[in-house]
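In this text, residue positions in the sequence shown follow this note's numbering: the first is 305, and each later residue adds one.
Glycine included, each C-beta is placed from N, C-alpha and C at the ideal position.
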Amino acid sequence: MFRTASVQSSDGKLYESLTQTALAFGRLDQRLHHHPLLPAILFRERLEAARACAAVDGHLIDPWRLAAELEGLRSVPLGCDIYERGTSVDALHAA
């Protein structure tokens, strides 16, 4: 579906790659428009973005635990000691 091309230093290749990327995004947008699973797809992408941002800050979180936290569900403790449970709760709140 997506054409991969290495970006060269010449402007022609760069502009061609940017044009192909923009067209691919346009095709993807057209396919997702009015799709019944669009809210679920966007939710998953937002979870992944929040997980990636938290990872940059040094917090490792499980996206599904983050989803449960956002929905207000009570999470089941991961570890057997208080420190590990506190670390996971802090990571969820940081995300």
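Distance between E320 and V360 (C-alpha atoms, nearest Å): 32 Å
L396 to L341 span [Cα, whole Å]: 26 Å
With 16 other Cβ atoms within 10 Å as the buried cut-off, status of L364: exposed
Ranges of the alpha helix (DSSP H) found wholly within the segment 321-370, counting only runs of at least 4: 342-360
CB of A371 within 8 Å of CB of L351, strictly: yes
Buried/exposed call for R369, threshold 16 Cβ in 10 Å: buried
Test item: CB-CB of P367 and R355 under 8 Å: yes
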